[in-house]
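Colleague: I'd like to ask some things about the structure below.
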Amino acid sequence: MAEVRCRGGGGPGRSTFGTTATRSFSHGLRNALTFAYIPGYTVHPAARPRRPEAYMARAWEADPSALFERRLGRSAEELGNSDGNDECPDLWQLDNGDVAVIGRDLTAAYRARLPHGVNLAPDERLVVIPGNMLSAAKKDIPDA
Numbered sequence: 001m002a003e004v005r006c007r008g009g010g011g012p013g014r015s016t017f018g019t020t021a022t023r024s025f026s027h028g029l030r031n032a033l034t035f036a037y038i039p040g041y042t043v044h045p046a047a048r049p050r051r052p053e054a055y056m057a058r059a060w061e062a063d064p065s066a067l068f069e070r071r072l073g074r075s076a077e078e079l080g081n082s083d084g085n086d087e088c089p090d091l092w093q094l095d096n097g098d099v100a101v102i103g104r105d106l107t108a109a110y111r112a113r114l115p116h117g118v119n120l121a122p123d124e125r126l127v128v129i130p131g132n133m134l135s136a137a138k139k140d141i142p143d144a
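Okay, so the sequence shown: first residue is 1 according to UniProt numbering, each after it adds one.
Structure, rendered in structure tokens:
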């Protein structure tokens with residue numbers, strides 16, 4: 001059984017940031033985490049410190065064990081988007097049905113000017129590929 005004890009606190013109507021909660025476990029392991037104390041809220045005994053994005057359940061998660069199954073469309077060299085080096089954009093279907101996109105990472109350039117309603121999670125990147133590459137892949141992408 002986990003037990004939560006708090007040190008510090010702001011009292012009624014006040015918030016104290018940086019309050020430390022110590023978790024004691026029956027097997028003797030002790031863990032410390034930092035959280036914001038908000039009056040009226042308690043820390044659940046089973047709470048574990050996690051990355052902020054781990055608090056929200058995602059409807060889809062990438063599977064890093066999926067394997068490349070087939071190229072979608074034609075290669076960058078066939079489309080004239082390559083100078084013969086190994087740095088070519090590409091589209092691949094993975095064996096689980098997901099799609100891997102290899103392109104230029106322009107996350108930093110586009111982050112401040114994303115359209116309304118478009119968001120990037122901390123572990124997501126915005127990549128750009130040539131338009132003719134996606135057009136060439138159209139025949140390989142099934143209708144929804």
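Backbone N, C-alpha and C define an ideal beta-carbon position, used for all residues, glycine too.
(1) Can you tell me which of the three DSSP states Arg113 falls into?
(2) Where DSSP assigns a beta bridge to Ala136, which residues make up the other side?
(3) Can you have a look at Leu114 and say buried or exposed, based on whether 16 or more other CB atoms are within 10 angstroms of its CB?
(4) Across which residues does DSSP place Val128 in a beta bridge pair?
(5) What's the call for Pro89, buried or exposed, on a 16-neighbour Cβ count within 10 Å?
(6) With burial defined as no fewer than 16 other Cβ atoms inside 10 Å of the residue's Cβ, what is the status of Gly73: buried or exposed?
(7) Within 10 angstroms of its Cβ, does Ala108 collect 16 or more other Cβ (buried), or is it exposed?
(8) State the beta-bridge partners of Trp92 as determined by DSSP.
(9) So the candidates are Glu77, Pro122, Arg71 and Val101; which of them puts its Cα closest to the Cα of Val128?
(10) Does DSSP put Glu61 in a helix, a strand or coil?
(11) Please go through the same chain and pick out, in chain order, the residues whose beta-carbon is closer than 8 Å to the beta-carbon of Asn96, but skip the five residues on each side of it.
(12) Pick helix, strand or coil for Ala66, following the three-state DSSP scheme.
(13) Given this structure, state the Cα-to-Cα distance separating Glu87 from Glu61, to the nearest angstrom.
(14) Measuring straight from C-alpha to C-alpha, what distance separates Gly117 and Asp123?
(15) For Leu91, count neighbouring Cβ atoms within 10 angstroms of its own Cβ and tell me buried if that reaches 16, exposed if not.
Modeller: Let me lay it out:
(1) For the purposes of this step, residue 113 is identified with residue 113 of the sequence shown, where counting begins at 1. Reduced to three states, the DSSP call for Arg113 is helix.
(2) Looking up residue 136 in the sequence shown gives position 136. DSSP output for Ala136 lists no bridge partner at all.
(3) In the sequence shown, counting from the first residue as 1, residue 114 sits at position 114. Looking at its Cβ environment, which holds fewer than 16 other Cβ atoms inside 10 Å, Leu114 is exposed.
(4) Along the sequence shown, read from residue 1 onward, the residue named residue 128 stands at position 128. Answer is Arg104, bridged to Val128.
(5) Within the sequence shown, numbered from 1, the residue matching residue 89 stands at position 89. Buried.
(6) Taking the sequence shown and counting its residues from 1, one reaches residue 73 at position 73. Classification of Gly73: buried, given that the 10 Å Cβ count is 16 or more.
(7) The residue labelled residue 108 in the question sits at position 108 within the sequence shown. So Ala108 ends up on the exposed side.
(8) Locating residue 92 in the sequence shown gives position 92, counting from the first residue. Arg71 and Ala100.
(9) Here the question's residue 128 lines up with position 128 in the sequence shown. Closest option to Val128, Cα to Cα, is Val101.
(10) As a first step, residue 61 is located in the sequence shown; it is residue number 61 there, counting from the start. Note: Glu61 maps to coil in three-state DSSP.
(11) Position 96 of the sequence shown holds residue 96. The beta carbon of Asn96 is closer than 8 Å to those of Asp63 and Ala66 in its chain, skipping five residues each way along the sequence.
(12) As a position in the sequence shown, residue 66 is number 66, starting the count at 1. The answer is coil: DSSP assigns Ala66 none of H, G, I, E or B.
(13) Looking up residue 87 in the sequence shown gives position 87. Looking up residue 61 in the sequence shown gives position 61. Approximately 27 Å between the Cα atoms of the pair.
(14) Position 117 of the sequence shown, counted from the start, is the residue given in the question as residue 117. Position 123 of the sequence shown, counted from the start, is the residue given in the question as residue 123. Rounded to the nearest angstrom, the two C-alpha atoms are 18 Å apart.
(15) Looking up residue 91 in the sequence shown gives position 91. Leu91 should be labelled buried.
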